[in-house]
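By numbering that gives the first Met the number 0, the letter at position 386 of the sequence shown is numbered 385, and the numbering carries on one by one without gaps.
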Amino acid sequence: MKNNISFFLYQISDILFTSSTRAFGMLFSWWMIEVLNLDFQLGWFIFSSWFLQVLFLVFMSNLGDRFNKKSIVLCCIIPTSLLFIFASIIDKNLYIPLGIIYIFASISAILIQPIGTSILPEISNKNKLESAFKYRGIVNSVNIILGPAISGIVIHYLNIDGALIFISLMAISSIIGFYFIKNQQKEKPSHQHKSNIGSIKIITKNPTEASLVIVASFFNFTVVPLVTYITPLIIINEFKLSALQVGIAEATFGVGMMIGSTIIIKYMNKFFCKARGAFISALTIAVCIAGISTATSLIGLCSYMLISGIGLIIYNINTTSIRCLATPESHRNAMESKFLAICIVSIPLGMISATYMIENYDIRALLLIFSALMGLMSFLVLFSPKYVEISKMTESQLEGYYGKIYPEAYHPKNR
0 MKNNISFFLY QISDILFTSS TRAFGMLFSW WMIEVLNLDF QLGWFIFSSW FLQVLFLVFM
60 SNLGDRFNKK SIVLCCIIPT SLLFIFASII DKNLYIPLGI IYIFASISAI LIQPIGTSIL
120 PEISNKNKLE SAFKYRGIVN SVNIILGPAI SGIVIHYLNI DGALIFISLM AISSIIGFYF
180 IKNQQKEKPS HQHKSNIGSI KIITKNPTEA SLVIVASFFN FTVVPLVTYI TPLIIINEFK
240 LSALQVGIAE ATFGVGMMIG STIIIKYMNK FFCKARGAFI SALTIAVCIA GISTATSLIG
300 LCSYMLISGI GLIIYNINTT SIRCLATPES HRNAMESKFL AICIVSIPLG MISATYMIEN
360 YDIRALLLIF SALMGLMSFL VLFSPKYVEI SKMTESQLEG YYGKIYPEAY HPKNR
């Protein structure tokens with residue numbers, strides 16, 4: 000019962016903190032585009048944010064396997080909460096300090112993301128791990144919904160100072176929840192862990208995940224600029240709408256994720272194995288990006304965002320649940336961090352590409368190119384070595400399976 004309480008307490012606290020960082024990010028984007036008219040500078044802030052997130056994930060990936068995960072989470076969210084409070088009292092025309100706070104909050108949010116997955120076996124019942132991963136997918140959906148929705152609503156009804164105070168209270172509330180979590184983890188001495196850079200073999204020596212990380216990287220190259228940069232520009236500059244409509248569009252993406260994680264995935268995985276379900280989901284996202292490029296109204300754009308959200312969450316749940324369970328327990332946090340780090344390397348590249356292409360080319364042509372390339376990349380899911388076979392295994396068969404078939408990825412050779 001304690002584990003169940005800690006599990007749900009973690010998810011609620013994660014929603015509060017992650018939604019607060021997403022809300023701050025959207026608030027900052029709206030302020031830069033709508034008020035300060037600094038679209039180009041915003042692109043550079045977003046690029047810098049993702050670039051630094053990659054560096055922090057690479058160099059700090061094994062902390063969650065060495066030290067108590069709860070302590071790491073608290074070390075991330077406490078200073079971020081204080082910075083949100085600071086943001087509410089400074090001059091909002093000084094966009095550089097706000098941009099720095101945005102970058103710091105983004106780094107904190109990304110550092111606790113792999114912990115949110117790797118901690119599941121420590122705070123949930125061992126015989127209900129599949130359900131735990133589905134609930135985790137719901138949490139990710141809620142985070143996508145709440146951040147933009149909160150930001151859009153508070154921008155519409157409050158001034159920026161009121162919005163920042165509200166965001167600060169959300170982040171502070173998450174500290175209380177995380178503090179009372181009890182997780183069953185023992186700290187491990189540092190000599191049991193190889194260097195952060197060297198442990199990249201946890202991916203490179205695992206052909207299954209090496210293929211999947213390429214697909215995920217390209218998805219991030221296209222989807223993140225689409226949601227965080229391109230969609231707000233279309234809504235504000237082309238549709239001539241406000242931050243409230245931007246919040247609605249991004250929240251619709253999150254609603255799709257919730258529908259996918261609570262309803263559709265159950266039936267999809269009954270008819271298809273997880274690997275084929277992931278492929279169909281990836282192909283669906285590609286089609287929806289093409290649809291967004293042709294959308295002429297907010298309703299049309301939101302419809303494609305909804306379906307994209309469904310595809311994204313099914314892909315994420317089907318691939319993440321297999322990766323986490325199949326990875327030996329002592330390497331799960333390092334695996335999630337390394338996988339995530341490699342995935343998001345493409346995000347700053349996608350952001351900088353989108354920033355310059357939007358300056359010089361048609362935004363809708365860019366989306367069509369993204370769609371075509373993503374459609375081709377989705378076929379790599381089916382060709383990932385042993386992935387279809389592995390995706391048909393039960394939880395008990397899957398537990399630590401990568402350690403058996405790819406021992407060189409997890410166990411150093413004796414010299």
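The C-beta atom is built at its ideal place from N, Cα and C for all residues, glycine as well.
Since the model is a prediction, treat every value here as computed from it, not as a measurement.
Minimum C-alpha distance to residue i - residue among the options
i: Ala-104; options: Asn-3, Asn-36, Gly-24; result: Gly-24
i: Ile-341; options: Ala-364, Phe-270, Thr-20, Lys-200; result: Lys-200
i: Ser-336; options: Glu-358, Leu-397, Ala-294, Lys-68; result: Lys-68
i: Leu-163; options: Val-226, Ile-114, Ile-89, Arg-135; result: Ile-89
i: Leu-372; options: Ile-213, Tyr-400, Gly-253; result: Ile-213
i: Leu-119; options: Ala-108, Phe-7, Ser-390, Asp-361; result: Phe-7
i: Ile-321; options: Lys-385, Trp-29, Val-138; result: Lys-385
i: Ile-11; options: Pro-96, Leu-82, Tyr-178; result: Tyr-178
i: Cys-287; options: Ser-260, Ile-346, Phe-218; result: Phe-218
i: Leu-168; options: Thr-207, Ala-22, Asn-36, Ile-316; result: Ala-22
i: Leu-26; options: Ser-123, Leu-81, Ile-262, Gly-161; result: Gly-161
i: Pro-206; options: Tyr-405, Cys-272, Ile-4; result: Tyr-405
i: Ile-291; options: Thr-17, Ile-362, Thr-261; result: Ile-362
i: Leu-41; options: Ala-364, Leu-365, Thr-354; result: Thr-354
i: Lys-273; options: Ile-316, Ala-285, Tyr-303, Ala-248; result: Ile-316
i: Gln-244; options: Ile-154, Thr-318, Thr-326; result: Ile-154
i: Ile-247; options: Ile-263, Asn-236, Val-226, Ile-262; result: Val-226
i: Tyr-94; options: Tyr-401, Ala-408, Val-34, Pro-78; result: Val-34
i: Leu-365; options: Ser-302, Ala-285, Ile-175; result: Ala-285
i: Lys-181; options: Arg-135, Glu-121, Ile-14, Phe-132; result: Glu-121
i: Phe-271; options: Ile-313, Ala-250, Trp-49, Leu-232; result: Ile-313
i: Gly-115; options: Trp-29, Leu-82, Ile-14, Ser-19; result: Ile-14
i: Ile-76; options: Phe-85, Asn-124, Thr-17; result: Thr-17
i: Thr-251; options: Ile-202, Phe-220, Cys-301, Met-334; result: Cys-301
i: Glu-249; options: Lys-91, Pro-113, Ile-152; result: Ile-152
i: Ala-408; options: Ser-19, Ser-117, Thr-203; result: Thr-203
i: Cys-323; options: Trp-29, Thr-20, Ser-117; result: Ser-117
i: Tyr-401; options: Ile-149, Ala-325, Ile-233, Trp-30; result: Ala-325
i: Tyr-228; options: Met-356, Val-72, Lys-91, Ile-175; result: Met-356
i: Ile-174; options: Val-223, Cys-74, His-410; result: Cys-74
i: Leu-339; options: Ser-123, Gln-112, Met-304; result: Gln-112
i: Val-293; options: Thr-261, Ile-368, Ser-260, Met-334; result: One detail in the question is off: residue 293 reads as Thr in this sequence, not Val. When only C-alpha atoms are compared, the closest one is Ile-368.
i: His-330; options: Leu-282, His-410, Ile-264, Ile-102; result: His-410
i: Val-138; options: Asn-268, Tyr-9, Pro-327; result: Tyr-9
i: Phe-50; options: Arg-135, Met-59, Ile-102; result: Ile-102
i: Arg-135; options: Ser-260, Ile-264, Ser-19, Gly-176; result: Ser-260
Boundaries (first-last residue) of the alpha helix (DSSP H) holding residue i
i: Asn-332; result: 331 to 359
i: Asp-160; result: 159 to 178
i: Gly-42; result: 38 to 58
i: Ala-371; result: 362 to 376
i: Val-34; result: Premise fails: Val-34 is in no alpha helix (DSSP H) and is neither H nor E.
i: Ala-285; result: 273 to 293
i: Glu-421; result: Since the first residue shown for the chain is 0 and the last is 414, residue 421 is missing from the structure and cannot be characterised.
i: Ile-88; result: Taken as a continuous stretch (DSSP letters only), Ile-88 belongs to no alpha helix (DSSP H), as it is neither H nor E.
i: Ile-202; result: 200 to 203
Touch test, the region 368 to 379 against the region 277 to 291, Cβ-Cβ under 8 angstroms, three pairs minimum = The region 368 to 379, when compared against the region 277 to 291, does touch it at the 8 angstroms Cβ threshold.
For the region 245 to 265 against the region 306 to 317, are there 3 or more C-beta pairs whose distance is under 8 angstroms?
-> Contact holds: three or more Cβ-Cβ distances are below 8 angstroms.
Is the region 293 to 308 touching the region 381 to 397 in the sense that three or more CB pairs, one from each, lie closer than 8 angstroms?
-> no
Any chance the region 92 to 111 sits against the region 42 to 56, with 3 or more Cβ pairs inside 8 angstroms?
-> yes
In chain order, which beta strand (DSSP E) runs of at least 3 residues are fully inside the region 218 to 268?
-> none
If we count Cβ pairs, one from each stretch, closer than 8 angstroms, do we get three or more for the region 240 to 252 versus the region 395 to 402?
-> no
Quick check: the region 345 to 353 against the region 28 to 47, are there 3 or more CB pairs under 8 angstroms?
-> yes
Those runs of the alpha helix (DSSP H) which lie wholly inside the region 92 to 141 and span at least 4 residues = 94 to 117, 119 to 122
Taking only runs that begin and end inside the region 376 to 401, name each unbroken alpha helix (DSSP H) of 4 or more residues, in chain order.
-> Correct list: 379 to 382, 386 to 390, 394 to 397.
Note down, one range per segment and in chain order, each alpha helix (DSSP H) of at least 4 residues found wholly within the region 1 to 31.
-> 1 to 29
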